[in-house]
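If you read the sequence shown in the working numbering, its first letter stands for residue 100, the second for the next number, and so on.
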Amino acid sequence: LKDWTKMTDDQFKQASDFLRQVHKNVRSYWTDTTDIVQLLSGGEVDLAWAWNDATVQSAAAGVPIKSKKDTDEGISTWVCGYVLFKDAPGNIDKAYEFLNAVNDPEVANTLVKDWGYGQANAKGMAGVDPAILKEKGYDNVQKWVDKTLFQ
(Lines of atoms letter the chains of each structure in order from A and count residues from 1; the text may use other names and numbers.)
(Lines give C-alpha, C1' and ligand atoms only; values in the text may rest on other atoms or scores of the structure.)
Protein backbone atom coordinates (compact mmCIF):
# COMPACT_ATOMS: atom_id res chain seq x y z
CA LEU A 1 0.00 0.00 0.00
CA LYS A 2 1.72 3.19 -1.16
CA ASP A 3 -0.95 5.66 -0.07
CA TRP A 4 -2.31 5.08 3.43
CA THR A 5 -5.13 7.58 2.77
CA LYS A 6 -6.61 5.03 0.37
CA MET A 7 -6.50 2.16 2.85
CA THR A 8 -9.66 0.07 2.93
CA ASP A 9 -11.26 -1.08 6.17
CA ASP A 10 -10.07 -4.63 5.41
CA GLN A 11 -6.48 -3.44 4.85
CA PHE A 12 -6.65 -1.47 8.10
CA LYS A 13 -7.84 -4.59 9.94
CA GLN A 14 -5.03 -6.67 8.38
CA ALA A 15 -2.43 -4.08 9.40
CA SER A 16 -3.87 -3.86 12.91
CA ASP A 17 -3.86 -7.65 13.29
CA PHE A 18 -0.23 -7.78 12.09
CA LEU A 19 0.85 -5.08 14.56
CA ARG A 20 -0.89 -6.86 17.44
CA GLN A 21 0.90 -10.08 16.46
CA VAL A 22 4.39 -8.53 16.32
CA HIS A 23 3.87 -6.34 19.40
CA LYS A 24 5.18 -9.15 21.62
CA ASN A 25 8.58 -8.71 19.94
CA VAL A 26 8.77 -4.96 20.63
CA ARG A 27 11.17 -4.03 23.43
CA SER A 28 10.24 -0.35 23.47
CA TYR A 29 8.37 2.37 21.65
CA TRP A 30 10.67 5.36 21.49
CA THR A 31 9.54 8.97 21.48
CA ASP A 32 12.73 10.83 20.60
CA THR A 33 16.08 9.99 19.07
CA THR A 34 17.81 9.94 22.45
CA ASP A 35 15.60 7.02 23.52
CA ILE A 36 16.44 4.82 20.54
CA VAL A 37 20.14 5.75 20.52
CA GLN A 38 20.38 4.70 24.18
CA LEU A 39 18.53 1.44 23.46
CA LEU A 40 20.83 0.65 20.52
CA SER A 41 24.02 1.81 22.24
CA GLY A 42 23.21 -0.10 25.41
CA GLY A 43 22.54 -3.33 23.52
CA GLU A 44 18.89 -3.50 24.61
CA VAL A 45 17.69 -3.69 21.00
CA ASP A 46 19.30 -5.10 17.87
CA LEU A 47 16.77 -3.90 15.31
CA ALA A 48 14.85 -0.65 15.16
CA TRP A 49 12.75 1.49 12.88
CA ALA A 50 14.30 4.87 13.47
CA TRP A 51 15.27 8.15 11.90
CA ASN A 52 18.59 8.25 10.07
CA ASP A 53 20.36 10.24 12.76
CA ALA A 54 19.85 7.42 15.28
CA THR A 55 22.18 5.23 13.24
CA VAL A 56 24.75 8.00 12.85
CA GLN A 57 24.67 8.86 16.56
CA SER A 58 24.88 5.20 17.58
CA ALA A 59 27.85 4.61 15.26
CA ALA A 60 29.54 7.69 16.74
CA ALA A 61 29.07 6.08 20.17
CA GLY A 62 30.96 3.01 18.96
CA VAL A 63 28.02 0.75 18.14
CA PRO A 64 28.70 -1.45 15.08
CA ILE A 65 25.50 -0.47 13.29
CA LYS A 66 24.25 -0.03 9.73
CA SER A 67 21.14 1.45 8.21
CA LYS A 68 19.53 -0.57 5.42
CA LYS A 69 17.67 1.39 2.76
CA ASP A 70 17.52 -1.16 -0.07
CA THR A 71 15.02 -3.58 1.47
CA ASP A 72 12.63 -5.73 -0.54
CA GLU A 73 9.74 -3.92 1.13
CA GLY A 74 11.09 -0.43 0.51
CA ILE A 75 11.51 2.38 3.00
CA SER A 76 9.32 5.02 4.53
CA THR A 77 10.48 8.59 4.21
CA TRP A 78 9.17 12.07 4.76
CA VAL A 79 9.62 15.29 2.88
CA CYS A 80 9.42 18.69 4.53
CA GLY A 81 8.54 21.99 2.98
CA TYR A 82 8.47 25.60 4.02
CA VAL A 83 5.44 27.88 3.94
CA LEU A 84 5.01 31.59 4.39
CA PHE A 85 1.38 32.48 4.88
CA LYS A 86 -0.09 35.46 3.12
CA ASP A 87 -0.26 38.41 5.52
CA ALA A 88 1.89 36.55 8.07
CA PRO A 89 3.82 38.76 10.48
CA GLY A 90 7.54 39.04 10.00
CA ASN A 91 10.02 40.17 7.44
CA ILE A 92 9.84 38.71 3.93
CA ASP A 93 13.54 39.41 3.36
CA LYS A 94 14.42 37.40 6.49
CA ALA A 95 12.25 34.53 5.22
CA TYR A 96 14.16 34.46 1.93
CA GLU A 97 17.46 34.77 3.79
CA PHE A 98 16.51 31.69 5.81
CA LEU A 99 15.49 29.72 2.70
CA ASN A 100 18.72 30.66 0.95
CA ALA A 101 20.68 29.51 4.00
CA VAL A 102 19.01 26.08 4.26
CA ASN A 103 19.48 25.57 0.52
CA ASP A 104 23.17 26.40 0.62
CA PRO A 105 25.02 23.38 -0.82
CA GLU A 106 27.12 23.06 2.36
CA VAL A 107 23.93 22.26 4.29
CA ALA A 108 23.56 19.05 2.26
CA ASN A 109 27.08 18.04 3.28
CA THR A 110 26.27 18.54 6.96
CA LEU A 111 22.91 16.77 6.73
CA VAL A 112 24.41 13.71 5.05
CA LYS A 113 27.69 13.50 6.96
CA ASP A 114 26.58 14.42 10.48
CA TRP A 115 22.93 13.36 10.48
CA GLY A 116 22.57 10.69 7.78
CA TYR A 117 19.81 12.56 5.95
CA GLY A 118 19.60 13.28 2.25
CA GLN A 119 18.53 16.63 0.86
CA ALA A 120 16.43 17.65 -2.14
CA ASN A 121 19.09 20.14 -3.27
CA ALA A 122 20.75 18.27 -6.15
CA LYS A 123 23.64 20.75 -6.31
CA GLY A 124 24.25 20.26 -2.61
CA MET A 125 24.15 16.47 -2.86
CA ALA A 126 26.54 16.59 -5.84
CA GLY A 127 29.02 18.41 -3.61
CA VAL A 128 29.08 15.71 -0.92
CA ASP A 129 32.16 13.48 -0.90
CA PRO A 130 31.25 10.30 -2.86
CA ALA A 131 32.72 8.14 -0.06
CA ILE A 132 30.34 9.74 2.44
CA LEU A 133 27.39 9.32 0.05
CA LYS A 134 28.25 5.61 -0.24
CA GLU A 135 28.72 5.21 3.52
CA LYS A 136 25.32 6.79 4.23
CA GLY A 137 23.52 4.94 1.41
CA TYR A 138 23.03 7.83 -1.01
CA ASP A 139 25.48 6.80 -3.74
CA ASN A 140 22.68 5.33 -5.89
CA VAL A 141 19.32 6.57 -4.67
CA GLN A 142 17.48 5.25 -7.72
CA LYS A 143 18.08 1.64 -6.64
CA TRP A 144 15.60 2.03 -3.76
CA VAL A 145 13.60 5.19 -4.37
CA ASP A 146 10.95 3.47 -6.53
CA LYS A 147 9.89 1.42 -3.50
CA THR A 148 9.91 4.40 -1.16
CA LEU A 149 6.74 5.41 0.66
CA PHE A 150 6.83 9.21 0.67
CA GLN A 151 4.89 10.73 3.56
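In this text, a Cβ means the ideal position worked out from N, Cα and C, and glycines have one as well.
May I ask which residues mark the beginning and end of the alpha helix (DSSP H) holding residue i?
i: S166; result: Element bounds for S166: n/a, residue is neither H nor E.
i: I135; result: T132 to S140
i: D152; result: N151 to A159
i: V244; result: Q241 to V244
i: L118; result: D108 to V121
How would you call residue i, buried or exposed, if buried means at least 16 neighbouring beta carbons within 10 angstroms?
i: I135; result: buried
i: A225; result: exposed
i: L118; result: exposed
i: L100; result: exposed
i: K235; result: buried
i: L138; result: buried
i: Q156; result: buried
So residue i and residue j are supposed to be a Cβ contact under 8 Å. How far apart are they, rounded?
i: V201; j: Y237; result: That pair is no contact at about 18 Å.
i: G142; j: L248; result: Not a contact, Cβ separation roughly 30 Å.
i: A207; j: Q218; result: 4 Å
i: T132; j: A147; result: Their Cβ separation, rounded to whole angstroms, is 11 Å, which puts T132 and A147 out of contact at 8 Å.
Residue i to residue j, Cα distance in whole Å?
i: T170; j: P163; result: 19 Å
i: K242; j: K168; result: 9 Å
i: V144; j: D102; result: 30 Å
i: F184; j: N199; result: 18 Å
i: S166; j: V227; result: 19 Å
Contained alpha helix (DSSP H) runs [length at least 4] in the region 178 to 236, N- to C-terminal order: 191 to 201, 204 to 209, 221 to 225 and 229 to 235
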